[in-house]
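Reading the sequence shown from the start, the letters are residues 351 to 1195 in the working numbering. Beta carbons: idealized from backbone N, C-alpha and C, even for Gly.
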Amino acid sequence: MRPALLRLLKRPSAVSIIDSWISAPVEIDLLESKYTCLRCYIRRIQNVAAEGECEPSTGRKPPTSRRQSPEKRPFSFRVYNLDVSTDVKPLRKESTTDRNSDRRLTAFALQPDRLEFESDIGHTNDLGSRLVDNPSRRHDFLLWEELLRYRQRRYGHDGTLDIFRGLTRRVGGVYLPTQGGSADFLWRSFVNLGLEKEHFLEELADYALKVRSEKGVTWGKFYEAVVGGFFERSMVQHAVKWHKKLQVPHLHRANDILHVLEPALSASTSRFPVLVRGKIRPLSPGVQAFQNICRTVNGQDLYRPIISTLLQRGYTEDALWMHAFLVKQHNPPQSYEDMYPLLDYANKYGLWHEFQKLKAYADREFPANTDQTEAVADERKSTTNTGTLSTPNHSEKKPFKDDFGARLFATAAFGFDTVLAGLEMFRVTAIGPLSLREMAIRSNGSRDIQEKLQKLQKARISIGDSVYVRLLRKLSKENRDILLADLLESDQHPDVLENVEIQESLLVSNYMARDWRQYNLTLAILGELLKNGPELPNIHFRKYISSGELDLASKMIDEMALDHKSLTQKSINFLVQRVLTVRRAGAHPVTSPGVNPIDGVLFVIRILQRAIPTGQYVAPELWIELFKRLGMKDCFDQLRNCCLWLVHHYLPRTKHASGSDTITLTPENSELNTTVLSPDGANRMLQTILGTHMQCAIVSWGFKLRISSNSETKASSPVGVEGERLIPWTRGLVLLRELEKEGLQLNEPWIRRTCRRRLAVIFGRPRQSTRSMNDLLRRENPYTLQQVLADIDRAWGAPLFQGPEKNDLYRLVNPPNATMKTRLRVRRRILENKGAKKKWSDIPI
């Protein structure tokens, strides 16, 4: 093979080809970086060169490359000229011109020295020496774009300024285009420079006005690029300032301000400040600036696009502010559905004042929103069912009693054909389910039932569309004789089959009694009634909870998660009522013999942790109640794991919010929709659950541990304090520090006050406590006050007590007692903050 290859390479044709490749190489560093494929780019250059060689036929001499030697010898092999077929249409003149322009720019882009020379136009020296000085090339904006790209790569903003100076000072009579890709690139490049240098932006705005006065048009995205650019840089005051400057010449319609709403949302530097329970958070700076912009225009129908954008981006509490603002600006919602997500959010997260205002507005502006929906549905239904006067079957309907028809079909002397002929003679148009049942009972199997149903259909006698009729038709068609016989022999009235609650009760009873035939029948009825929707798995879940089969209920949750179905609020309430024991406010849960109340709490937590990722909303009051039960029973490890899970689940959504976190609630399907919490909702949820009272309770529960003589319990090494062996009473502070690292906001003054109270119980003046655990901890305390304070500071990471409290230890552990008047005032304030819809006590323990 090798001698043959050598002979092939020694041929004159091969030698000449290799020599031509070597004489004119394409250097890698001269290629443009904007081409994605180097092979395609080289092929394109070769094609351009080949087309250039064919141009001498037009009478022009092809340009020679500066790298090619003038003594280049011609090819020694024959080159054939392929003539174009006569049936091919000639290219248009415009296409030829564009191709020639692209060819020139491609060759031009491969010459850095020439690019450097041609782009150096930021002055008025050497006029006539640049390509743009040529009157035939000064309006070639592809050339301007290529020069600008090179200058930006090489010199940054200074290069952009040079091109603008050359465009406005060196070359006269040239105005930037206002449409197309080149226009967008050129204008945006200059606007980006103006956003960095405001004095240049003033000059660019004057130039835009000049283009408008000379050409009568302007670049349509100038306002959006300038105002939106300032918003993206969080320069909200500059955005409002330039809105006022550009409003008259560049804001064509008032509703065009919606184009800067998205950039305004990104201008929020501190999106989630410390939340106050029951109060809406402050308005984001970007949205506040957008409100100032809205005050200067008279836009119409702005409510729906603004509110929907805020909800999609997760700024739900900003949407509450914008609702009140838009109503004052005479841009109210057009329908009840437009403001329903705001009502739902305020109701869920305890913003009672906002909820009352929204509810009053909805009742005043949309008093009959549900009645109108039902009226429209009834009108459509009546329009569909009403026929014309020429239809005898609808205009001459005769009333027919269902029980009388049932007696006719049950009479042995009358056959089916006889009864059918009588019904046709009396022009009966429909029969009820009782008549249908008697007809089916006296049929001979599924096939006979289908034939009789077909005869009724041919006679134009309707049998309705009830659950009983659909199930009868389905079972007979599928030849499920056992279920069909159970359906016909059932003592349930056909109307009872329409009631979901009764059928669910029968399903649970039959399941617990292990009556499988009736269970399968009821299951078939529910499947036909609910159409295998999301409610059917919830019924199975409640069935397992009622029968005490918690493992099967947990497995059902996993299956629902795989099918992207979630628990309904009814299922969660049923779970809590059946699994959790009763607990009075301020007292421990009621315990039953042989029942561990903590097992039920842990089971509910596991179910909620599996249900929440599917989009299920869980009221924060339920989490607070579960935490209280764990803390009261000294299950601190389980409490810690649950707190960390909540923070990991909710905080990533608040930190990395996106447009996918969308609220799509409607009044009709708000319970069954699997919705994801908005960032505002997730942050509000976390601050409600792990708020100030819960943080104080965690500190108190940390002290609720007896210190035995075992050294392992005397000194612990909690997670988060590496290499430290701390007193176990500091575990609450360690947990709070872990939560703070994950993003939770702590209330340090209240935490300090709680620690001081717990120290007063153990080290303060002797006094009789109503809680036996307090006396026990004081009696068995093996530590000194200095040891506990030192470990508290190490667990907290900084001195928790400072000032006079740190110096006067006696005063530290003996704080002044609150008067009864102060206690009543605090309790009254807590009860007022609770609201009317709270289910569990929220008074700190």
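What is the DSSP secondary structure of S826, reduced to helix, strand or coil?
helix
State the DSSP-derived secondary structure class of L1076, mapped to helix, strand or coil.
strand
Range covered by the alpha helix (DSSP H) that runs through E612
L611 to L615
Just the Cα atoms here: how many angstroms apart are F953 and Y653?
44 Å
Relative to the C-alpha of L493, which residue among E878, R503, L511 and L465 is closest?
L465
Ignoring anything shorter than 4 residues, give me the alpha helix (DSSP H) runs that lie fully in the segment 911 to 959, in order along the chain.
919 to 929
Assuming the contact rule is C-beta atoms closer than 8 Å, N1157 and R1115 should be a hit. Round their C-beta distance to whole Å, please.
With 8 Å as the limit, N1157 and R1115 do not qualify as a contact, their Cβ atoms being about 19 Å apart.
Does the beta-carbon distance from A874 to F891 come in below 9 Å?
no
Between the segment 1040 to 1055 and the segment 680 to 693, are three or more C-beta pairs nearer than 8 Å?
no
Since P884 is in the alpha helix (DSSP H), which residue starts that stretch and which ends it?
Unbroken run through P884: none, as it is neither H nor E.
Identify whether S793 lies in helix, strand or coil by the three-state DSSP scheme.
coil
How do the segment 801 to 811 and the segment 830 to 845 stand: do at least 3 beta-carbon pairs fall below 8 Å, yes or no?
no
Look at T1038 and N1097 and say whether their C-beta atoms are less than 9 Å apart.
no
Count the other CB atoms within 10 Å of the CB of E331; is the residue buried (16 or more) or exposed (fewer)?
Since the first and last residues shown for the chain are 351 and 1195, residue 331 lies out of range.
By the three-class DSSP mapping on this structure, what secondary structure does A710 have?
helix
Contact check, N648 vs A604, beta carbons under 9 Å:
yes
Per DSSP, what kind of secondary structure is A1032 in: helix, strand or coil?
helix
By DSSP, does R428 sit in helix, in strand, or in coil?
Per-residue confidence for R428 stands at a pLDDT of 39, beneath the threshold of 50, marking its modelled position as unreliable; no derived number is given.
Rounded to a whole number of angstroms, what is the C-alpha to C-alpha distance between K709 and L693?
7 Å
Figure out for me which residue from K594, V850 and K983 has the closest Cα to the Cα of E878.
V850
For N923, is the classification buried or exposed, using 16 other Cβ atoms within 10 angstroms of its Cβ as the cut-off for buried?
exposed
Inter-residue spacing [alpha-carbon to alpha-carbon] between L980 and Q988
7 Å
CA-CA distance, L701 and G1147?
35 Å
DSSP three-state call for R1178: helix, strand or coil?
helix
For G594, report the span of its alpha helix (DSSP H) as first-last.
According to the sequence shown, residue 594 is Lys rather than Gly. Per DSSP, K594 belongs to the alpha helix (DSSP H) from V586 to H600.
With the cut-off set at 9 Å, would you say L1135 and L1094 are in Cβ contact?
no
Counting only the same chain and skipping the five closest in sequence on each side, list residues whose C-beta sits under 6 Å from that of L608.
P655
Distance, A555 Cα to V997 Cα:
48 Å
Between L821, R1128 and D606, which has its C-alpha nearest I1057's C-alpha?
R1128
Going straight from the alpha carbon of F776 to that of L833, what length do you get?
34 Å
Which full runs of the alpha helix (DSSP H) of 4+ residues lie inside the segment 1079 to 1152, going along the chain?
1081 to 1092, 1098 to 1113, 1122 to 1129 and 1135 to 1146
Whose CA, out of F580, R1087, I781 and Y665, lies closest to the CA of G814?
I781
For R792 and A760, what's the separation of their Cα atoms in angstroms?
8 Å
Spatial neighbours of I1142 within its chain, please: C-beta separation below 7 Å, excluding the five flanking residues on both sides.
T1080, L1083, C1105 and L1150
To the nearest whole angstrom, what separates the beta carbons of V951 and L930, a pair I think is in contact under 8 Å?
7 Å
When you compare the CB positions of P599 and L559, do they come within less than 9 Å of one another, or not?
yes
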